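Chemist:
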Ligand code: 5AD
Ligand code: SF4
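Residue numbers (the working numbering): 46 to 401.
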């Protein structure tokens, strides 16, 4: 039964639901198939994106997120330009290939200009050799264009859930938090020529298995180039924490996340897929499992250490206490554990994008 589905070329919503529910031997077959597809279409390499968290100041108030505007329980920071460039230089010297600049969502001329000039400076310091991904939220077409022209060529903007109703339960009902706006931004990014990535959270309160199937079909339909998705992890200083009685145990959320990655690899064979740090929330094996099941991107955090404790989107974020968590040696060990090889000094662009 599972084998029949796994050998199909295209998958119905019902097929995807069946795969999401697979357990035991069936689940093993799913992971074997996704590993095989990964090998065939994107190969055995994982590519590195050094993650720089620019600021935890955010104008939004998403109910699930630890750096939401109304959380007064954290110290807000903005790292200095020199520190960003220092981190980028580190990534370049360590042959990480690319960096990701991630920040809370700010729509201001100052923020636009700052990111624009940082992108230019990172390009300069690396002789154009470091790839740059931005993850800086919803912006106008004009802002996205400026950043693209400055040299950023990939952009991540998670849809969080493709289900409009669920989205509205996760966010305040105001102009700042509109599902339609997200979609519009994703289309703008694609139109402007960015390699466009999206993703969702897995195991949210009120989220049904059918919604997850829809999420995967949404990504296929939109024809994304990259995906970052992982388990929802409750944060005590957020309104959503009150709904924690509705959650699956974290182990289940994790397992579901790996299945989501595996299924996405089956339905979008040549995209880039990240093994996100949230996958490692309970143990170190999380990211290795994700790589085995189909992920081919790692995003080691290279934000200067002192700020890391303040950039907690969720609780127990790994790597916030130790600087060495994602040291080169640990990354190599992780890759080895997962039977993969690191693509040092390579951009590792989305094959899907390149083939389009
Ligand atoms: N658990 C897991 N992921 C979260 N994010 C925000 N809050 C949480 C949480 N509590 C994710 C969102 C966002 C990305 C930057 O972090 O998907 O897009
Ligand atoms: Fe801000 Fe993003 Fe957190 Fe929402 S999820 S509060 S936009 S950082």
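Glycine residues also receive a C-beta, built at the ideal position from the N, C-alpha and C atoms.
If you're wondering where the values come from, they're calculated on a predicted model, not measured in any experiment.
#1: When you compare only the Cα positions, how much space is there between residue 288 and residue 95?
#2: Identify which residue in 347, 166, 176 has its Cα closest to the Cα of residue 240.
#3: For the structure I just gave you, are there three or more beta carbon pairs, one from the stretch 141–153 and one from the stretch 94–110, closer than 8 Å?
#4: According to DSSP, residue 180 sits in a beta bridge with which residue or residues?
#5: Using a Cβ-based criterion (distance less than 7 Å to any ligand heavy atom), does residue 216 qualify as near ligand 1?
#6: Which value, in whole angstroms, describes the spacing of the CA atoms of residue 242 and residue 321?
#7: For ligand 2, I want to know if residue 113 counts as a neighbour, meaning its beta carbon is within less than 7 Å of at least one of the ligand's heavy atoms.
#8: Decide yes or no for the touch test of the stretch 69–76 against the stretch 117–133: beta carbon pairs closer than 8 Å, at least 3 of them.
#9: Check this for me: beta carbons of residue 342 and residue 132, under 8 Å apart or not?
#10: Over the uninterrupted alpha helix (DSSP H) stretch that includes residue 190, give me the two end residues.
#11: Starting from the C-beta of residue 383, find all residues in its chain whose C-beta is less than 7 Å away, skip the five residues before and the five after it, and write them out in chain order.
#12: To the nearest angstrom, report how far apart residue 114 and residue 140 are at their CA atoms.
#13: Note down the Cα distance separating residue 155 from residue 116, rounded to an integer number of angstroms.
#14: Does the stretch 281–295 come close enough to the stretch 194–208 that 3 or more CB-CB pairs lie under 8 Å?
#15: Check whether the stretch 264–273 and the stretch 303–317 are in contact - that is, three or more C-beta pairs closer than 8 Å.
#16: In or out: residue 378 buried (at least 16 other Cβ within 10 Å) or exposed?
#17: Between residue 62 and residue 258, which are expected to be in contact by the criterion C-beta below 8 Å, what is the C-beta distance as a whole number of angstroms?
#18: State buried or exposed for residue 27, treating a residue as buried only when at least 16 other CB atoms are found within 10 Å of its CB.
#19: Restricting to Cα atoms, I'd like to know which of 179, 297, 301, 93 is closest to residue 6.
#20: Is DSSP giving residue 346 helix, strand or coil here?
#21: Rounded to the nearest angstrom, what separates residue 369 and residue 93 at their Cα positions?
#22: Short of 7 Å in beta carbon distance, which residues of its chain neighbour residue 188, apart from the five on each side in sequence? Order them along the chain.
#23: Among 186, 280, 251, which has the Cα closest to the Cα of residue 236?
#24: Please classify residue 400 as buried or exposed, where buried requires at least 16 neighbouring CB atoms within 10 angstroms.
Modeler: In this structure, then:
#1: Looking up residue 288 in the chain shown gives position 243. Looking up residue 95 in the chain shown gives position 50. Taking the straight line from one Cα to the other gives about 33 Å.
#2: In the chain shown, residue 240 corresponds to position 195, counting from 1. Per the Cα distances, 176.
#3: yes
#4: Sequence index remark: in the chain shown, residue 180 carries index 135 (1-based). According to DSSP, residue 180 bridges with 147.
#5: In the chain shown, the residue the question calls residue 216 occupies position 171. Incorrect: residue 216 has no Cβ contact closer than 7 Å to ligand 1.
#6: Counting from one through the chain shown, the residue named residue 242 turns up at place 197. Counting from one through the chain shown, the residue named residue 321 turns up at place 276. Their Cα atoms are separated by approximately 13 Å.
#7: Along the chain shown, one-based indexing puts residue 113 at 68. Checking the Cβ of residue 113 against ligand 2 gives yes.
#8: no
#9: The sequence position of residue 342 within the chain shown is 297, counting from 1. The sequence position of residue 132 within the chain shown is 87, counting from 1. No, the Cβ-Cβ distance between residue 342 and residue 132 is not below 8 Å.
#10: Position 145 of the chain shown, counted from the start, is the residue given in the question as residue 190. Residues 186–195.
#11: If you number the chain shown from 1, residue 383 lands on position 338. Around residue 383: 333, 336, 337.
#12: Counting from one through the chain shown, the residue named residue 114 turns up at place 69. Counting from one through the chain shown, the residue named residue 140 turns up at place 95. Distance between the alpha carbons of residue 114 and residue 140 is about 35 Å.
#13: Counting from one through the chain shown, the residue named residue 155 turns up at place 110. Counting from one through the chain shown, the residue named residue 116 turns up at place 71. C-alpha separation (whole angstroms): 23 Å.
#14: no
#15: yes
#16: Your numbering for residue 378 matches position 333 in the chain shown. Result: exposed.
#17: As a position in the chain shown, residue 62 is number 17, starting the count at 1. As a position in the chain shown, residue 258 is number 213, starting the count at 1. Between residue 258 and residue 62 the Cβ distance is about 5 Å, and since that is below 8 Å, they are a contact.
#18: Any answer about residue 27 is impossible in this case: the structure gives the chain only from 46 up to 401.
#19: As displayed, the chain neither begins before 46 nor continues past 401, which places residue 6 out of reach and without an answer.
#20: Reading the chain shown from its first residue, position 301 is the one you call residue 346. Strand at residue 346.
#21: Translated into positions along the chain shown, residue 369 becomes position 324. Translated into positions along the chain shown, residue 93 becomes position 48. Model confidence at residue 369 stands at a pLDDT of 40, short of 50, so the residue's coordinates are unreliable; what they give is reported in the following sentence. Straight-line Cα distance between these residues: approximately 16 Å.
#22: As a working note, residue 188 is residue 143 in the chain shown. Excluding positions up to five away in sequence, the list reads 157.
#23: Your numbering for residue 236 matches position 191 in the chain shown. Closest option to residue 236, Cα to Cα, is 186.
#24: Reading the chain shown from its first residue, position 355 is the one you call residue 400. Exposed is the call here.
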